[in-house]
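These notes concern the structure reproduced below.
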Amino acid sequence: MKKYWRSIEEYQAIQKQDIEKKEPEPEFSIEGMSDEEIKGKSNRRDFLKMLGFTIGYATIAASCETPVRKAIPYLNQPEEITPGVANYYASTFYDGHDYCSILVKTREGRPIKIEGNELSSISKGGTNAKTQASVLNLYDNARLKSPRKNGEKTDWASIDKEIIAELEKLSAESKEIILLSSTVISPSTRQLISEFSKKYKNVSWITYDAVSMAATHQANKINFGESFIPTYNLKNAKLVMGFNADFLGTWLSPVEFTKQYSAARKLLNGETSMLRHVQFESTYTLTGGAADDRIPIKPSEEGILLLNIYNYIAAKTGTTTYNAPNTSVDYKAYAEELLENKGKAIVFSGTNDLNIQLICNGINALLNNYENTIYTAKRYNFKQGDDQAIEKVIAKIKSGAAAVVHYNVNPVYDSPKGAAYKEALDKVGLKVSLSDTMDETASVCTYVCPDHNYLESWNDAEPQTGIYSTQQPTIKNIFDTRQVQDTLLKWMGKDPVFSDYLETYWEKNIYPKQSTFTTFKSFWNQSIHDGTAVLETKFKSLKFKPANLKAPEYNINGAELVLYEKIGLGNGKYANNPWLQELPDPITMSTWDNYVCVSVAFAKANSLSQEDVVSVNGKFELPVLIQPGLAKNTIAIAIGYGRTRAGKVANKLGQNAFGLIYEKDGFKSLLGNSIKISKIEGKTYPLALTQEHHTMEGRSLVRETTLDKFLKNPASGNEQHAIDQAKNTTLYTKPKFTGFQWGMNINLNACIGCGNCVISCQAENNVAVIGKEQVKNRRIMHWIRVDRYYSEDEENPEILHQPVMCMHCDNAPCENVCPVAATPHSGEGLNEMAYNRCIGTRYCMNNCPYRVRRFNWFEYANNKDFDYNMNNEVGKLVLNPDVVVRSRGVVEKCSSCIQRIQEKKLDAKKENRQLRDGEIKTACQQSCPADAIVFGDLLTPDTEISKLNKNPRVYNLLEHLHTLPSTSYLTKIRNKKS
Amino acid sequence: MNCNYRTIKIRALRLFVFIFILTLFLNNRLHAQEAKSGKDLYTVCKACHTIGGGKLIGPDLKGVTERRDEAWLIKFIQNSQEMIKAGDTIAVRLFKEYNNIPMPPNNYTDEQVKLVLEYIKNYDPEAEKAAAAAEVPQTVTEPEIPSYELKPAYMKKAEARDYQAIFIISLILLLVAVGDLVLTRLIKAKFVHIIVIFISVFIMGEIIIVEAQGLGRQQYYSPDQPIAFSHKVHVGQNKIDCKYCHTTAEKSMHAGIPSTQLCMNCHNVVKEGKTTGKDEIAKIYKSLETNKPIEWVKVHNLPDHVFFSHAQHVKVGKLDCKECHGPVETMDRIIQVEDLSMGWCINCHRNTEVQFEANKFYKNYTKLHEELNKGKRSRITVDNVGGNECQKCHY
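Here it is, written out as structure tokens:
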């Protein structure tokens, strides 16, 4: 059997074969405890203290009067609101980087949860962690609460007056006004901006993306004559080859790709083939973890490798080959595979380098992939940013531009030219930021006109050609802010009512292009209701023109650097969101920091160990994290940290790595730079990693097999299941259920470990944020965790992700050790947790073999030591009123979203009907982009879950303990070439 | 003979009394039914309509039965808004004509609406006046005697809970007894002290236990409200259905406190109350003018960790509001009658049958259905379908 391990220490233990002897780490920190306390002894003083406390507390409790509670009705109750019943509104999440069509759950007019919109043809009901957490951004106390002038509070009337006067003056003097924005995919906003440009004549609109895809645009311009990003369909492909493209995590349209990817790899309906995925990458991404074959390559090797593959295919198909240096990677088998899958393959690279993108296009053209798996007619509108944007603005300022308006950009923080830009801004007369927080750029601007949060605004979006998406406000603006479009309308001297503008735009431009609806009103209402509208417009696909190819050349001095985005934090725009900060990175399992990832060999060679502090290029210091699977001589650092003006949560966390972006030929690339690190002797910095928390002592927890073996024997890799089942005998009678028995199934073949479920669960169940210190003490509160296992080799291990939450065992070890019966078993097969009964003995935690129970070591709400969203009035608005906020001293855990079960059951009862299969969706299941989770009734034989549980791939965690879990897993199958 | 005569006399007397009571009873019943038929049902309409007295909020109803056909009227009376939404021309015209004030829906059956229409058709103002004059003294005295003079059972219980005096007396007795035993020694027989100490400790202990159990509970809580709103007047006398104001009791976990606008449905016209005069009702208008909702004091409070759904109990369980809220129609100021303790919830769940056959949702409970059919069980109570499990209410 394969050996699985979770950290380098564990791997080394396995090598020495002393895993059994290793003493398990204590569940909680014993730092700062006296010897007596560790032994659990108490003395006379403690006894007296306890006695005094008990009497005092009892006296106070008895003499307190019950507070008077008010019941305040509406003055005029809105028709659509029934207090106590949630409303769902379709909307769109787009922040200049990620796009998702969503449903916003509101209670009494306040958004509390983001759900996936199943009507969308792009995100298809999935979301990612950032989208899930975006609801907390709405209640971020760091948002600006009024417009600012020179940092001082002011009001809209005066700020508008001053800015309009200034703009008119500049326009009359025909001086240049710069509007710097991130990629705008809203067609109505684009029109508005062009009208704004007409009104003030000399407006130049420059698009800037912190992480861009300008090289892809440029390559397509050379190959097809137009600048665009094509769409891909993984479902039509048999082979996907990714080169440094984290397409399931952060690159281009991850939610859409994940939906397609998992659908093509689930193997549930008797398919005999599945999508094969080969990933060449420099750092370990979750896309690499999901891949069937993963080959670590140095950043400088990527272009050479691609060109060699091109030449191999070109030679076989009889087209011109180009000069290519030799590569150490054995690529021939892969090139051969590509040839076998002609017209059914996709090759893409996430590197923003023109040569590499040209080679990729060349390979795809040779393989005839265009219009089969890659579509030049349907295009993405994302990432239109110009890599020279900041340089252009600086040049324009030098040549006399007198005004800069920033819309959804923060170049002072996230541009490698940030410092130069800040300096250049000094010379500008009119500096305006439309940011909703006082970020690094806004704080150097004279005027800040804060934008609404996206949940407060009207908007639309056209993520792909012909696919429109609508955005509607779900709450009135909480603070004195104004949406950017209204601000622009106001400055244009028009009525600042963007909702009207939007509707008119749709009536004139989008309604005529469709034929389903006969009146505009019905079309508009339906589009707003669905959150999406698809137009069947015919576009001509383009013809490929070959270009001259060459491998990019790098000047490497020291180690090679890879910058990467974390799935939670991305480019750092939402760094002040504590949910995202505490989301463990799916690969490194770290929270609250960025660090220098080095490979095991590199660490050995440079005598570095985990948590040592190194100096990076002599500019800043970061701790070391040893990351298996990195390419040789390669170092990876996450961007998105080191914010200085994001707010309480994010300030001073980690270091800003945007300065290390590689700039060449006018493109900004996350990889390609070289880096020098030097160890600072004697200095260490603690990292909050969750990789060894709640460990399960190296048992057969994740099971996998290969496609060949699976086709011969569907139960392959799962042999242990039959053995355990045969041994399962007991003196006790098997529990019997009446009515319902809830069960869950997780398909390890679909799960990519993106962490969306963790945040979704956190939002749904009011899970507390506890901060770095407590995470380090192994007290993380997430009800669902995504375990990451490495297997085999430490230089290039494979990764398996496994979400683990309460298994709801029918023979639960936690239940019978509770002295106060706070955790009994329900008649519907759920392991219940009654917080008000729990006295906090933690016996249940000790007895749970799955380590899924969490203890409230502190009061996490209303506590200044945990100054996150539960410690301020605004932040608390995100709490789900159906789930109680747990207090100190009680144990909590996954409840299978009991509030959702009860809600749907009640709906069925009210409508006098039986419950439908699939009607109840747990929070983790609803928005899973991979559709890896299924939940339902095990007693009814024809439910999806009952059918899945008959699959030979099914197994339970630690079945030999006879805990009879209600949660089952399906083995992972890798499509390996034998 | 004498004897015989007497027995006959007594028998005759008995017969007479019996017949008298019977006729009275029948009379009463007949009378009651008749009243229920038209006039009683019409009381709700009275707030906005007259018969032959001109326009009020709504149109004069004189001759309405001739103006419109019966089916239209039934539909309109039951739910006018629905018709307006559906675009019925007459309904829309009327709605506009009367300043877009919607006529609230009535949960009358077709038969009941017909009775109201009958009443309107045969309405004779003179006879009505005479009847009213004759009825006035009766209506004032008859129903109100019990509520004024005899306190309702829950009030008696509430007062019986006032143990303060007893507790203090017991405490004094205890102190005196102990003092005498140790210091003054006035009474020589020591068993007297011991008995007194024993009894007073027992009484105090009992009170402490009872009070401690009630800690955090609010049985018989009856706070002052910002408006002296009387359920007795609204429910008891005007017979307004609970769900007319508590609109969401069947839809949501909250029964719903009516919005100011909902009060205005009636108080547009009713500007003066029988008992409280104009001042209290004026507070509604003030709320509207100042744009400030009325801040009621919540009486029935459950702890935060308890999830309770009105929809489950009212719509699905088909419980009457009274079962938990007590005889609301007799309360001037609302009072919490039950203690709302967990024991109280659980007891009810043990004894209350669910709508097991009537509601299709319970079809999934096949085993229970089998047992019921085989006669192993006579009924299915809430706890049989898991109603007493922790996470039915705590999550």
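Chains as they are written, first to last, in my numbering: chain F, 0 to 977; chain V, 923 to 1317. Backbone N, C-alpha and C fix where the C-beta goes; we use that ideal spot for every residue, glycine too.
Contact test: residue i Cβ vs the ligand NAP heavy atom, cutoff 7 angstroms
i: glutamate 1245(V); result: The ligand content of the structure shown is nil, which means the ligand NAP is not present either.
Beta-ladder partner(s) of residue i, from DSSP
i: arginine 142(F); result: Thr436(F)
i: glutamate 1275(V); result: Thr1303(V)
i: methionine 743(F); result: Phe934(F) and Thr966(F)
i: cysteine 99(F); result: Phe92(F)
i: aspartate 786(F); result: Gln801(F)
i: serine 673(F); result: Glu559(F)
i: tryptophan 1218(V); result: Ala70(F)
i: glutamine 470(F); result: Asn458(F)
i: aspartate 292(F); result: Val277(F)
Short CB-CB distance (under 8 angstroms) between residue i and chain F
i: aspartate 991(V); result: no
i: phenylalanine 1278(V); result: no
i: leucine 1290(V); result: yes
i: cysteine 1312(V); result: yes
i: glycine 1308(V); result: yes
i: tyrosine 919(V); result: An answer regarding residue 919(V) cannot be provided, because it is not within the stretch 923 to 1317 covered by chain V.
i: valine 1304(V); result: no
i: histidine 1227(V); result: yes
i: serine 1122(V); result: no
i: glutamine 1183(V); result: yes
i: arginine 951(V); result: Residue placement at arginine 951(V) is poorly supported in this model, since its pLDDT is 42, which falls under 50; the coordinates are not used for a value here.
Neighbour list for residue i in chain F, Cβ cutoff strictly below 8 angstroms
i: glutamate 1194(V); result: The contacting residues do not exist; glutamate 1194(V) stays about 23 angstroms from chain F at best.
i: glutamine 1234(V); result: Leu905 and Lys908
i: tryptophan 1218(V); result: Lys69, Ala70, Ile71 and Pro72
i: glutamine 1135(V); result: Result: empty, since nearest Cβ-Cβ is about 12 angstroms, beyond 8 angstroms.
i: tyrosine 1020(V); result: None at all; the shortest Cβ gap to chain F is about 19 angstroms.
i: valine 1238(V); result: Leu905, Lys908 and Lys909
Cβ distance (whole Å) where residue i is taken to contact residue j below 8 angstroms
i: leucine 706(F); j: asparagine 974(F); result: 5 angstroms
i: phenylalanine 934(F); j: glycine 826(F); result: Actually they do not touch by this definition, with Cβ atoms about 18 angstroms apart.
i: phenylalanine 347(F); j: phenylalanine 279(F); result: 11 angstroms between Cβ atoms; not a contact.
Cut-off 8 angstroms between Cβ atoms - residues of its own chain near residue i, not counting five sequence neighbours on either side
i: isoleucine 1109(V); result: Asp1102 and His1115
i: tyrosine 661(F); result: Leu560, Lys667, Ser668, Leu669, Leu670, Gly671 and Asn672
i: phenylalanine 985(F); result: Since the first residue of chain F shown is 0 and the last is 977, residue 985(F) is not available in this structure.
i: methionine 1126(V); result: Phe1089, Ser1092, Leu1093 and Leu1096
i: asparagine 354(F); result: Gly302, Leu548, Lys549, Ala550 and Pro551
Contact with chain V by residue i, beta-carbon distance below 8 angstroms
i: asparagine 835(F); result: yes
i: proline 980(F); result: Shown here, chain F extends from 0 to 977; a query on residue 980(F) therefore has no answer.
i: aspartate 881(F); result: yes
i: leucine 914(F); result: yes
Listed by chain order, chain F residues near residue i by CB distance under 9 angstroms
i: glycine 1178(V); result: Pro72, Gln76, Thr81, Pro82 and Gly83
i: serine 1002(V); result: Neighbours of serine 1002(V) on chain F: none; closest Cβ ~15 angstroms, over 9 angstroms.
Chain-ordered chain F contacts of residue i [CB-CB under 7 angstroms]
i: methionine 1175(V); result: Gly83
Close Cβ partners of residue i (< 7 angstroms) along its chain, the five nearest in sequence each way excluded
i: lysine 148(F); result: Ile158, Thr445 and Tyr446
i: histidine 961(F); result: Asn727, Thr729 and Asn810
i: tyrosine 553(F); result: Ser299 and Gly671
Contacts around residue i, its chain only, beta-carbon distance under 6 angstroms, and the 5 residues preceding and following it disregarded
i: alanine 922(F); result: Ser759, Cys760, Glu763 and Cys896
i: asparagine 955(F); result: Pro964 and Ser967
Cross-chain neighbours of residue i in chain V, by beta carbon under 7 angstroms
i: proline 823(F); result: Cys1312
i: isoleucine 1037(F); result: Residue 1037(F) lies beyond the range of chain F shown here (0 to 977); nothing can be said about it.
i: glycine 981(F); result: With chain F running from 0 to 977 in the structure shown, residue 981(F) is simply not present.
i: leucine 878(F); result: Under the 7 angstroms cutoff, chain V gives no residues; its nearest Cβ is about 11 angstroms from leucine 878(F).
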